[in-house]
Amino acid sequence: QQQVKQSPQSLIVQKGGIPIINCAYENTAFDYFPWYQQFPGKGPALLIAIRPDVSEKKEGRFTISFNKSAKQFSLHIMDSQPGDSATYFCAASAGGTSYGKLTFGQGTILTVHP
Amino acid sequence: NAGVTQTPKFQVLKTGQSMTLQCAQDMNHEYMSWYRQDPGMGLRLIHYSVGAGITDQGEVPNGYNVSRSTTEDFPLRLLSAAPSQTSVYFCASRPPGQRGQYFGPGTRLLVL
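These protein sequence lines map, in sequence, to chains A and B. In the numbering used here, each number is its position in the first sequence, counted from 1, plus 635. Heads up: the second sequence at position 40 corresponds to 32 in the numbering used here, and the numbers run straight through without jumps.
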C-alpha cells in the first residue's frame, strides 16, 4: 500500500527554471510533511518540512505548498541551479503512537541543465 | 559530532549468509530507524527504536532483526540473506522533540 504517491518520476529543466514536484497522501493522521534531497552515493538530507496548519513555507529557493483538503503538497525550486540536480523524496508522518515513522514517496530524479 | 555513521559501506554476500549492518550516532538521539532504498520504491521502514531496549517493526521487517542495547548503537541483522535483500540500507536518528530524521551515508548490499 503506497500511502504517499510522488510525481513525476523524473524531471529535466534548464538553469533558472522552476521545477515542481508533487505528492499526494491518503492517511489523514499525517501531520508532518518533509522533503529530502539525495545526491548520488549519499544519504537523504532533510531539506524543508511543513505542518498542515500552514499552506506555504519558504526556505531560501525552496518552497512547499500544502493543500490539506486535497491531501496534496508540492515542492517548488526557484531559480534552479545545476547543483540542485539530485533525487528528491517527499515523506509524511503521524505523531502520537505512530512515533513519527516516515512514509516516503517514490522519489523524483531532477536534472538541471546549465 | 560525527552524526550517524554506518559500516560497512559496501558488502557482497552469498545467499544464506548472515551479517550485521552497523549504525551508530553520537548525538544522544533516542529514536533510530532502518530503511531500505530500492529503485522506484523510495525508502521503506524496516525496524525502528524509540530508546534503548525498545524496538518495533516497520513496513518490511521480514528477514531482519534488530536490537538496541545502548542509545548509541542500532545494528541490523540479516539472518539468512536472500537476493531480494539486495538494496541500499540507511540508518537514521531523530533529535528529541523534533520530527525530522537525519540519515547516515548508507550501506550498499549485494546478495548473490
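No residue lacks a Cβ here, since even glycine has one placed at the ideal position from N, Cα and C.
Around B:Val42, the beta-carbon contacts reaching into chain A at under 8 angstroms are Tyr734.
Under the Cβ distance rule, B:Pro97 counts among the residues neighbouring chain A, one pair being separated by less than 8 angstroms.
Between the alpha carbons of A:Asp719 and A:Leu745 lies a distance of about 8 angstroms.
With respect to B:Ala84, B:Thr62 sits apart: the two C-beta atoms are not nearer than 8 angstroms. Counting other Cβ atoms within 10 Å of its Cβ, A:Ala727 reaches 16 or more and is therefore classed as buried. Segment contact: the stretch 19 to 36 of chain B against the stretch 65 to 79 of chain B, three or more CB-CB distances shorter than 8 angstroms; contact assigned.
Chain B has a Cβ within less than 8 angstroms of the Cβ of A:Ala684. At a cut-off of 8 angstroms between beta-carbon atoms, B:Met33 makes contact with chain A.
DSSP places B:Thr62 outside both helix and strand once states are collapsed to three, so it counts as coil.
Taking the beta carbon of A:Pro669 as reference, the chain B residues within 7 angstroms of it are Gly92, listed in sequence order. Judged by DSSP in its simplified three-state form, A:Gly718 adopts helix. Looking at B:Lys1, B:Arg60, B:Leu68, the one whose alpha-carbon comes closest to that of A:Lys677 is B:Lys1. Interface with chain B (8 angstroms Cβ-Cβ cutoff): A:Lys693 is excluded. No Cβ-Cβ contact shorter than 8 angstroms links A:Phe668 with A:Ala721. Interface flag for B:Phe82 against chain A is set, since a Cβ pair is found closer than 8 angstroms. Where B:Arg36 is concerned, the enclosing beta strand (DSSP E) starts and stops at 35 to 43.
A buried status is given to B:Val103, since no fewer than 16 other beta-carbon atoms sit within 10 Å of its beta-carbon. At least one CB atom of chain A sits nearer than 8 angstroms to the CB of B:Leu37. The beta carbons of B:Ser41 and B:Met24 sit closer together than 8 angstroms.
For A:Ile712 against A:Ile653, the beta-carbon gap comes to about 7 angstroms, under 8 angstroms, which counts as contact. A check of alpha carbon separations from A:Ile647 across A:Phe665, A:Pro717, A:Lys692 identifies A:Pro717 as the nearest.
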